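Novice:
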Amino acid sequence: GHPNIAAQFLVPLLVLAGCKLGTPGRAVRNGLRLGLLVACQFFLNEEILFVTAIGSAVFVAAWALLHRERAATQVRTFARGLVVAVSVVLVIVAFPLYYQFFGPQHYNGLATIASAHDGTDIMSFFAFPTSSLAGNADSVRLAPNLVEENAFFGWPLAGLLVVTTLVLWHNRLARAGAAVAVAFGVLALGSHLHVNGHASHIPGPWWPLRHLPLFDSVIITRLALAMVPPIAMLLALLADQIASYDLGPRPRIPRLLMFSAIAVALLPLVPTALPAIGRPEVPLFIASGEWRSMVPAGRTLVPVPIPNPHFPSQTLQWALTQNLDLAFPSGYFIGPDDSPKHTGRFGPSPRPTTDLLDRVAVTGDYVVAASDRDKAREDLRYWRAAIVVLAPQRNEDALRNATSTLLGFQPAWKDGLWVWDVRDRV
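Every letter in the sequence shown is one number past the one before it in the numbering used here, and letter 418, counting from 1, is 1207.
1. K1203 bridges to which residues according to DSSP?
2. Helix or strand or just coil, what does DSSP make of L1179?
3. From what residue to what residue does the alpha helix (DSSP H) around A1025 run?
4. The beta strand (DSSP E) that contains L955, what's its start and end?
5. Taking 7 Å as the cut-off, does the CB of L1063 come closer than this to any heavy atom belonging to the ligand ATP?
6. Check whether the region 821-835 and the region 871-887 touch, using three or more Cβ-Cβ pairs below 8 Å as the test.
7. For V1084 and A1108, I'd like the C-alpha separation in whole angstroms.
8. Here's the rule I'm using: 16 or more other beta-carbon atoms within 10 Å means buried, otherwise exposed. How should S1138 be labelled?
9. Let's see if you can read the secondary structure: which residues bound the beta strand (DSSP E) around P1125?
10. If you follow the beta strand (DSSP E) that G1078 is in, where does it begin and where does it stop?
11. How is the beta strand (DSSP E) around F1135 delimited, first residue to last?
12. Would you mind working out which of S913, A965, A1052 sits nearest V984, comparing C-alpha positions?
13. Can you tell me which of F1074, I1008, I1042, W958 puts its alpha carbon nearest to the alpha carbon of L976?
14. Ignoring anything shorter than 4 residues, give me the alpha helix (DSSP H) runs that lie fully in the region 875-945, in order along the chain.
15. Starting from S1006, trace the alpha helix (DSSP H) in both directions and tell me its first and last residue.
16. Suppose contacts are defined by Cβ-Cβ distances below 8 Å. Is L1146 in contact with L1115 by that definition?
17. List the whole-angstrom C-beta distance separating G1153 from N1112, where the pair is believed to meet the contact cut-off of C-beta under 8 Å.
18. I'd like to check one pair, V951 with A1015: are the Cβ atoms closer than 8 Å?
19. When burial is assigned at 16 or more other CB atoms within 10 Å of the CB, is L1027 buried or exposed?
20. When you compare only the Cα positions, how much space is there between L1179 and L1058?
21. Could you round the C-beta distance between L1196 and W1209 to whole angstroms and report it? I think they count as a contact, below 8 Å.
22. How would you write the range of the beta strand (DSSP E) that T1194 sits in, first residue to last?
23. Would you decide whether D907 is buried or exposed? Buried here means 16 or more other CB atoms lie within 10 Å of its CB.
24. Are T919 and A1013 touching if we call contact CB-CB under 8 Å?
25. So, for I1176: in the same chain, excluding its five sequence neighbours on each side, which residues have a beta-carbon less than 8 Å away from its beta-carbon?
26. Looking only at C-alpha atoms, which of R1041, A1021, I837 sits nearest to T1217?
This is the structure we're talking about:
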């Protein structure tokens, strides 16, 4: 569901380029390479870049503490390369950054949304993803939603990682990797702890950071993605240790058993095919372009219920088939709310009619007061409505009756849609 987040092919190259900043005599070349990679990742996805940067910083700090003498000899070269990298990045992304944070429709963080819904459930670290060999449909109750199962490593792998860390404790590289995995596992718990599918009021580790610039825009559960590289590194170091360890005159069987333990921990996580669900057919009223005769320039087609993050609606698909000529209110996007702080929110600030029709769509029940009809007229003017339409769906009859009561007249059936013509009433 998030192709720009799934596209993480630059992350290994970014980390490798960062690790090479300390190479003597190549500060400019290494800095230039890292700067260009960072700029490329900036235009793919800033959130992955931000998480990668923090993860790399934690790893470098942990490594430096464990290798103080070696780090002291490399710090100047590392700093020079970092200055070059930052300079290259700023030249390329300075204007996009300015436009993003100060341009039209900029917003100031997602703190309210992220802290309320996007912490990682403690039990999810021991559960299996829905779309895996050991997963099941119940797994999603431990995630904010089906496409945010970021920390589902399963209890066999979790247990193996504890054993691996203890076995490799003498290895300072392993300790640095374990520090990154633990740090991000803790931070991913969010501003409030979630336990076994239930949100608590107990403040989480992210609470002190939630209002800091940039940190306030992170979907917190995605911090768990930064655990994957150090976990992979720990398993690679363990495999190397098993392969090189002296196991006596007959090492084959114990070595095979040890490698089998790694395989058993990873096998349940093998992904299964994602389910494919066909989209509903676009109503002929839309597909044929008939809607164009009823929606003049500067006016909108208003679907019921109004498209929003809770009801994304088929209207998004309709607009694509019409070359995006079809204008409708709301939709799914992130933009500023109506508060003086301009905090980011998913979709626009709700209108009274949006809330009323959302309730009808969910429950099938409605009560329409005279004040609701007045607010509906105000909302239609605000949306510059030309027609209101209803597609066949769950609780269709209730939605049609509620909308007719709000508008004061019955709709006409036009090629797959109920249509209320409000051009002369708005």
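Virtual Cβ for every residue (Gly too), placed ideally from N, Cα, C.
Here the structure is a predicted model, which means the values were calculated and not measured.
Specialist: In short, the structure shows the following:
1. L1206
2. strand
3. If you look at A1025, you'll find it in the alpha helix (DSSP H) that goes 1017-1033.
4. Not the beta strand (DSSP E): L955 falls in the alpha helix (DSSP H), residues 944-956.
5. Of the ligands one can find in the structure shown there are none, so the ligand ATP has no counterpart to examine.
6. yes
7. 13 Å
8. When all chains shown are included, S1138 counts as exposed.
9. 1123-1125
10. Where G1078 is concerned, there is no enclosing beta strand (DSSP E), given that its DSSP letter is neither H nor E.
11. Unbroken beta strand (DSSP E) run through F1135: 1133-1135.
12. S913
13. I1008
14. 900-906
15. Per DSSP, S1006 belongs to no alpha helix (DSSP H) and is neither H nor E.
16. no
17. Not confirmed; about 35 Å, so no contact.
18. no
19. buried
20. 42 Å
21. 5 Å
22. Run containing T1194: none in the beta strand (DSSP E); it sits in the alpha helix (DSSP H), 1185-1196.
23. Counting Cβ neighbours within 10 Å, D907 comes out buried, since at least 16 surround it.
24. Taking 8 Å as the Cβ cut-off, T919 and A1013 do not qualify as a contacting pair.
25. Here the set comprises W1080, M1083, V1084, L1090, V1091, V1208, W1209, D1210, V1211, R1212.
26. Residue 1217 falls outside the range modelled here, since the chain spans only 790 to 1215, and no answer is possible.
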